[in-house]
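Visitor: Okay, handing you the structure first.
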Amino acid sequence: MSPNISNIETLKRLISGMANKLSSEGYDVQADYIGHPNGKPDEFNKYTPNIYAVKGDKKIIVDASDCDSLASVSEENELNLRWNAFSKVEGVEFMVIVPRSCLQKAKELSEKWGININTCWSMDI
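Using the numbering used here, read the sequence shown as starting at 25 and increasing by one per residue.
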């Protein structure tokens, strides 16, 4: 299996796991990449999140990243731009989900970039 396919499969597993968790908590969920029955989320600040979930007045944007994406970042890369865009959406909680093995790296990057992530989730992949 090539690294690109492996990375896509990792992202699908992260997105699916978080979408299922939020659905089980009563959220209406839209999710990208996994063929979710509610479709994919709309864009926020020019970027489409992996998950958008709503329950009453609570709204959540979730962005999934694999360890390779976190390891190969720079100040002006796609990940930095996405996280910045999502963290600035008013009235929405911003979450990140990553494989457990790179949770610390995700936290370090958000701190380095000055990005407010409400919750950093991780999964064993």
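Glycine included, C-beta positions come from ideal geometry on N, C-alpha and C.
In or out: aspartate 56 buried (at least 16 other Cβ within 10 Å) or exposed?
Guide: To locate residue 56, count along the sequence shown from 1; it is residue 32. Buried is the call here.
Visitor: Report yes if the CB atom of isoleucine 84 is closer than 7 Å to the CB atom of methionine 119, and no otherwise.
Guide: For the purposes of this step, residue 84 is taken as residue 60 along the sequence shown, with counting starting at 1. For the purposes of this step, residue 119 is taken as residue 95 along the sequence shown, with counting starting at 1. For isoleucine 84 and methionine 119, yes; Cβs fall inside 7 Å.
Visitor: Use the C-beta contact count for alanine 109: other C-beta atoms within 10 angstroms, 16 or more gives buried, fewer gives exposed.
Guide: Taking the sequence shown and counting its residues from 1, one reaches residue 109 at position 85. Classification for alanine 109: buried.
Visitor: Give the single residue among Ser125, Val116 and Lys136 whose Cα lies nearest to the Cα of threonine 143.
Guide: Sequence index remark: in the sequence shown, residue 143 carries index 119 (1-based). That would be Val116, whose Cα lies nearest to the Cα of threonine 143.
Visitor: So, at 8 Å on beta carbons, what are the nonlocal neighbours of asparagine 62 in its own chain, with the 5 sequence-adjacent residues on each side left out?
Guide: Working through the sequence shown from its first residue, we reach residue 62 at position 38. Excluding residues within five positions, the ones whose Cβ falls inside 8 Å are Asp52, Val53, Gln54 and Ala55.
Visitor: When burial is assigned at 16 or more other CB atoms within 10 Å of the CB, is serine 96 buried or exposed?
Guide: As a working note, residue 96 is residue 72 in the sequence shown. Label assigned to serine 96: exposed.
Visitor: What are the boundary residues of the beta strand (DSSP E) that includes asparagine 146?
Guide: Position 122 of the sequence shown, counting from 1, holds the residue named residue 146. Note that residue 146 is serine in the sequence shown here, rather than asparagine. That run of the beta strand (DSSP E) goes 143-147.
Visitor: Does aspartate 92 pass the burial test, meaning 16 or more other C-beta atoms within 10 Å, or should it be called exposed?
Guide: Position 68 of the sequence shown, counting from 1, holds the residue named residue 92. Per the 10 Å Cβ criterion, exposed.
Visitor: Can you name the start and end residues of the alpha helix (DSSP H) that aspartate 92 belongs to?
Guide: Reading the sequence shown from its first residue, position 68 is the one you call residue 92. From DSSP, the alpha helix (DSSP H) with aspartate 92 extends over 91-95.
Visitor: Please specify which runs of the beta strand (DSSP E), each continuous and at least 3 residues long, are wholly inside the stretch 52-120, giving them in chain order.
Guide: For the stretch 52-120, whole beta strand (DSSP E) runs of length 3 or above, ordered along the chain, are 52-55, 75-79 and 82-88.
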